[in-house]
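One structure is given below, encoded as structure tokens.
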Ligand SMILES: [Zn+2]
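What follows is the structure, encoded as structure tokens:
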């Protein structure tokens, strides 16, 4: 899978295509050859599919919401709160309405899957001829029933159900305002349109415009009642998949003070409003790698939660196959990514391969697997990928087989945790404040670089119940 070229006397060896990969690699390390990786088709993966054939809300549900808001605005406490907002005529300046927990194990987690549809024609297509987003692209959808997508869909990718289960994605207020309606108590694990009622929060801003935050988690909304004020950045609810929804995402929909639909993005094909409603308008495309993960078997992507099995693993023993997954946002058609596997002790090149994206994908994933040499090297290995000028890296541990009873632990621990095993514990963990971590091993506890207990954190290690 390698083609190589050298600038030294080792040219003969390096260009000999009959050399085994391992030999080629060893030579490369010592002869400092330049390496050109070959294309290696992925062993699985594809587009993050969102099958949309129904609107996020029916017309009837929209009438009910509008009606509830009108009634709520008549309530004394709501009226008072709205009146005491500093009344302005200027439109709000939105911040991004989603926040990802620092505990998320991914570099990035958000993708925009659908914008507002400005094409009045509807044919029931997604990314088709009857779809037109603010930027004159077609990254939106409509339905045969006459619905043109009227909000922005912000999804979490990869592993949206893992993020949902862990409450790692918060929906936050895009601007200051007063809560003028809440809808709650509805199932939040839809994979389509079987549950019609969603959970949502509606916030009126000082200029009279209203933002809708929909598909939120059941019983996971802000505890603040209708009539309470929220400030920009304040918790609104957790991202989930309530109502007519194919996966956890936020549907963010905005109306101006005349109840006219707004698209917060300014652009040549925004037929509703000329001004951007963003404090700092996000780019239309941000191609990047959201995550690199290693897995014990091919990750299973599905809906709802029980059908999505990430099989995350950062610790492998010889004989175990290492699955490496790359998870993209806005992967561009024809764009190339170079991927590398680096081995201990000095993170030298073990494998190097390229992949060219066959299409444009808002969210996509691809995986490869490797069977590492049974005699090592053992220790910390690195997976690297270059995409659009940025290098992303993920590390995992590769151990010799036969460590029966080993319980390897890696990563950053920020919450309290107890780990028990009859065998022994080998930890590469960073224990960060304010975590209190207890290791309870039958045999022994090994602390290996880059193990660290940071100031403010506590580690207790016990062997057969005896602390040391
Ligand atoms: Zn939507």
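Numbering (the numbering used here), first residue to last: 111 to 578.
Note that CB positions come from ideal geometry on N, CA and C, so glycine has one too.
Just so we're clear, the structure is a prediction, and the values are computed from it rather than from any experiment.
Coil, strand or helix - residue i by DSSP
{"i": "residue 348", "result": "strand"}
{"i": "residue 470", "result": "coil"}
{"i": "residue 453", "result": "strand"}
{"i": "residue 164", "result": "coil"}
{"i": "residue 568", "result": "strand"}
{"i": "residue 271", "result": "helix"}
{"i": "residue 265", "result": "strand"}
{"i": "residue 448", "result": "strand"}
{"i": "residue 518", "result": "strand"}
{"i": "residue 180", "result": "helix"}
{"i": "residue 172", "result": "helix"}
{"i": "residue 355", "result": "strand"}
{"i": "residue 558", "result": "coil"}
{"i": "residue 245", "result": "coil"}
{"i": "residue 328", "result": "coil"}
{"i": "residue 417", "result": "helix"}
{"i": "residue 259", "result": "coil"}
{"i": "residue 588", "result": "There is simply no residue 588 to check, as the chain begins at 111 and stops at 578 in what is shown."}
{"i": "residue 124", "result": "Per-residue confidence for residue 124 stands at a pLDDT of 30, beneath the threshold of 50, marking its modelled position as unreliable; the derived number appears in the next sentence. Residue 124: helix per DSSP, three-state reduction."}
{"i": "residue 217", "result": "coil"}
{"i": "residue 232", "result": "coil"}
Nearest to residue i (by Cα), restricted to the options the options
{"i": "residue 317", "options": "199, 360 and 487", "result": "199"}
{"i": "residue 328", "options": "394, 562, 311 and 531", "result": "311"}
{"i": "residue 330", "options": "282, 151 and 367", "result": "282"}
{"i": "residue 359", "options": "339, 324 and 332", "result": "324"}
{"i": "residue 379", "options": "226, 544, 154 and 195", "result": "226"}
{"i": "residue 372", "options": "289, 243, 218 and 484", "result": "243"}
{"i": "residue 485", "options": "429, 501, 529 and 476", "result": "429"}
{"i": "residue 456", "options": "435, 479 and 487", "result": "487"}
{"i": "residue 339", "options": "376, 422, 263 and 289", "result": "289"}
{"i": "residue 404", "options": "253, 503, 228 and 218", "result": "503"}
{"i": "residue 444", "options": "471, 481 and 492", "result": "471"}
{"i": "residue 385", "options": "374, 491, 416 and 158", "result": "374"}
{"i": "residue 218", "options": "438, 552 and 545", "result": "438"}
{"i": "residue 295", "options": "305, 287, 301 and 286", "result": "305"}
{"i": "residue 412", "options": "356, 345 and 175", "result": "356"}
{"i": "residue 245", "options": "229, 275 and 254", "result": "229"}
{"i": "residue 264", "options": "158, 208 and 148", "result": "208"}
{"i": "residue 344", "options": "173, 158, 313 and 350", "result": "313"}
{"i": "residue 187", "options": "465, 336 and 179", "result": "336"}
{"i": "residue 521", "options": "562, 285, 156 and 237", "result": "562"}
{"i": "residue 270", "options": "235, 191 and 223", "result": "223"}
{"i": "residue 518", "options": "569, 541, 493 and 427", "result": "427"}
{"i": "residue 257", "options": "205, 182 and 171", "result": "171"}
Buried or exposed by the 16-neighbour rule on C-beta atoms within 10 Å, applied to residue i
{"i": "residue 431", "result": "exposed"}
{"i": "residue 292", "result": "buried"}
{"i": "residue 526", "result": "exposed"}
{"i": "residue 251", "result": "buried"}
{"i": "residue 566", "result": "exposed"}
{"i": "residue 153", "result": "exposed"}
{"i": "residue 315", "result": "buried"}
{"i": "residue 559", "result": "exposed"}
{"i": "residue 389", "result": "exposed"}
{"i": "residue 138", "result": "Unreliable positioning characterises residue 138 in this predicted model, as indicated by a pLDDT of 37, which lies under 50. The coordinate reading is nonetheless provided below. Flag for residue 138 reads buried."}
{"i": "residue 202", "result": "buried"}
{"i": "residue 369", "result": "exposed"}
{"i": "residue 147", "result": "buried"}
{"i": "residue 554", "result": "exposed"}
Whole-number beta carbon distance between residue j and residue i, since they are thought to touch under 8 angstroms
{"i": "residue 382", "j": "residue 261", "result": "Not confirmed; about 12 angstroms, so no contact."}
{"i": "residue 549", "j": "residue 572", "result": "7 angstroms"}
{"i": "residue 476", "j": "residue 268", "result": "So it is not a contact: roughly 11 angstroms between Cβ atoms."}
{"i": "residue 164", "j": "residue 303", "result": "4 angstroms"}
{"i": "residue 448", "j": "residue 496", "result": "5 angstroms"}
{"i": "residue 473", "j": "residue 166", "result": "Residue 473 to residue 166, Cβ: 18 angstroms. No contact."}
{"i": "residue 461", "j": "residue 491", "result": "In fact, because the Cβ distance is near 10 angstroms, the residues do not count as touching under 8 angstroms."}
{"i": "residue 499", "j": "residue 531", "result": "Not quite, the Cβ-Cβ distance comes to about 43 angstroms (not below 8 angstroms), so this is no contact."}
{"i": "residue 364", "j": "residue 319", "result": "6 angstroms"}
Where the beta strand (DSSP E) containing residue i begins and where it ends
{"i": "residue 189", "result": "That residue, residue 189, is in no beta strand (DSSP E); its alpha helix (DSSP H) goes 186 to 194."}
{"i": "residue 388", "result": "It is not in any beta strand (DSSP E) - residue 388 carries neither H nor E in the DSSP assignment."}
{"i": "residue 425", "result": "425 to 427"}
{"i": "residue 439", "result": "432 to 441"}
{"i": "residue 376", "result": "No beta strand (DSSP E) contains residue 376, which DSSP labels as neither H nor E."}
{"i": "residue 534", "result": "534 to 537"}
{"i": "residue 292", "result": "287 to 293"}
{"i": "residue 198", "result": "Unbroken run through residue 198: none, as it is neither H nor E."}
{"i": "residue 505", "result": "500 to 509"}
{"i": "residue 281", "result": "279 to 282"}
{"i": "residue 496", "result": "489 to 497"}
{"i": "residue 366", "result": "No beta strand (DSSP E) holds residue 366; DSSP gives it neither H nor E."}
Limits of the unbroken alpha helix (DSSP H) element including residue i
{"i": "residue 308", "result": "Neither: residue 308 is in no alpha helix (DSSP H) and is coded neither H nor E."}
| field | Contact shell at 5 angstroms, judged by CB to any heavy atom of ligand 3, ordered along the chain | value | The model on display carries ligand 1 but not ligand 3.
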